[in-house]
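Chains A and B supply the protein sequences, listed in that same order.
Each residue of the first sequence is one higher than the one before, counting from 1 in my numbering.
Each residue of the second sequence is one higher than the one before, counting from 1001 in my numbering.
All C-beta atoms, glycine included, are put in the ideal place defined by N, C-alpha and C.
The structure appears below as structure tokens.
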Amino acid sequence: DGGITQSPKYLFRKEGQNVTLSCEQNLNHDAMYWYRQDPGQGLRLIYYSQIVNDFQKGDIAEGYSVSREKKESFPLTVTSAQKNPTAFYLCASSIDRTGQETQYFGPGTRLLVL
Amino acid sequence: GQSLEQPSEVTAVEGAIVQINCTYQTSGFYGLSWYQQHDGGAPTFLSYNGLDGLEETGRFSSFLSRSDSYGYLLLQELQMKDSASYFCALSGSARQLTFGSGTQLTVLP
Chain A
1 DGGITQSPKY LFRKEGQNVT LSCEQNLNHD AMYWYRQDPG QGLRLIYYSQ
51 IVNDFQKGDI AEGYSVSREK KESFPLTVTS AQKNPTAFYL CASSIDRTGQ
101 ETQYFGPGTR LLVL
Chain B
1001 GQSLEQPSEV TAVEGAIVQI NCTYQTSGFY GLSWYQQHDG GAPTFLSYNG
1051 LDGLEETGRF SSFLSRSDSY GYLLLQELQM KDSASYFCAL SGSARQLTFG
1101 SGTQLTVLP
């Protein structure tokens, strides 16, 4: 079955630690996105990538970094510079083609600070 | 920047029709999307309006008026499983989404 997988489901971060959230898709989608969701809020865009080896900052990129070395993979690193990382992190992908406006979301990773 | 406003909560009874409004401010966008999210789950796509007017997909319809900076999601024949959060979102040139803060729909028996 095609889809998007995110791991781990829950992640605990210690103060000063960098952690990496995995996002993999086998939908052959060109574009991938990372969003952050805080309780009772909408999703906010962190980074996005339209093609391999290229990515753009979203609205809240500070304290985060990404890479896009393969079409299938778009990992997100939450660095120690992100002072309030506790949130629900959602990865999404879409076909970069006019008329194909659906974004498909992974199940998410909940990040908690110890 | 972009901003979207939606009611925070809406309550309706099973079998009824409910409309969730979304107003927005933006200097430009490609379209307005709607997503459904159940508690603890991932958002799922419901509908998209690239042009003004009504789009119908089964029990769900969505409307966009660019001149009024307004859209809505219409849910008909409400079912208990429709209880969820509903988000409107503006699409940018790279299909990146700017979301509203969401409307919590509660369907009562």
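So with CB distances below 7 angstroms, who are the chain A contacts of residue i?
i: P1007/B; result: Those do not exist, as P1007/B stays about 13 angstroms from chain A at its closest Cβ, beyond 7 angstroms.
i: F1060/B; result: Those within 7 angstroms of F1060/B in chain A number zero; the least Cβ separation is about 14 angstroms.
If the cut is a Cβ gap below 8 angstroms, which residues of chain B does residue i touch?
i: Q50/A; result: A1094
i: L45/A; result: Q1096, L1097 and T1098
Below 7 angstroms on C-beta distance, what does residue i contact in chain B?
i: Y33/A; result: Q1096
i: G42/A; result: F1087, F1099, G1100, S1101 and G1102
According to DSSP, residue i sits in a beta bridge with which residue or residues?
i: Y1024/B; result: L1004/B
i: Q1076/B; result: Its beta-bridge partners do not exist; DSSP assigns none.
i: R36/A; result: R44/A and Y89/A
i: R1066/B; result: None; R1066/B has no bridge partner.
i: F110/A; result: According to the sequence displayed, residue 110/A carries Arg and not Phe. Note: R110/A sits in a beta bridge opposite Y10/A and F88/A.
DSSP three-state label for residue i, please.
i: K70/A; result: strand
i: D1082/B; result: helix
i: V78/A; result: strand
i: G1053/B; result: strand
i: G1031/B; result: strand
i: R13/A; result: strand
i: D59/A; result: coil
i: G1092/B; result: coil
i: Q103/A; result: coil
i: V1107/B; result: strand
i: D54/A; result: strand
i: A1042/B; result: coil
i: G1058/B; result: coil
Span of the beta strand (DSSP E) holding residue i?
i: I1017/B; result: Taken as a continuous stretch (DSSP letters only), I1017/B belongs to no beta strand (DSSP E), as it is neither H nor E.
i: I4/A; result: I4 to S7
i: T1011/B; result: E1009 to V1013
i: S1101/B; result: Where S1101/B is concerned, there is no enclosing beta strand (DSSP E), given that its DSSP letter is neither H nor E.
i: L21/A; result: V19 to Q25
Looking at residue i: is its Cβ nearer than 7 angstroms to the Cβ of residue j?
i: G1071/B; j: L1064/B; result: yes
i: S80/A; j: G40/A; result: no
i: C1022/B; j: G1092/B; result: no
i: E92/A; j: F105/A; result: Sequence inspection shows Ala at residue 92/A; the Glu mentioned does not correspond to that position. Cβ atoms of A92/A and F105/A: closer than 7 angstroms.
i: F1060/B; j: L1046/B; result: yes
i: R13/A; j: A87/A; result: no
i: Q1006/B; j: C1088/B; result: yes
i: Y48/A; j: Y33/A; result: yes
i: E72/A; j: Q25/A; result: yes
i: L1097/B; j: T1026/B; result: no
For a contact defined as C-beta to C-beta under 8 angstroms, what are the partners of residue i on chain A?
i: A1042/B; result: L90, F105, G106, P107 and G108
i: S1065/B; result: Within 8 angstroms Cβ-Cβ: nothing; S1065/B doesn't reach chain A, min ~18 angstroms.
i: S961/B; result: Residue 961/B lies beyond the stretch modelled for chain B, which goes from 1001 to 1109, so this question has no answer here.
Give the residues of chain A in contact with residue i, contact being defined as C-beta atoms less than 9 angstroms apart.
i: G1031/B; result: E101
i: Y1048/B; result: E101 and T102
At a CB-CB cut-off below 9 angstroms, which residues of chain B make contact with residue i?
i: S3/A; result: Note on residue identity: the sequence assigns Gly, not Ser, to residue 3/A. What G3/A touches in chain B: nothing, since even the nearest Cβ is about 10 angstroms away.
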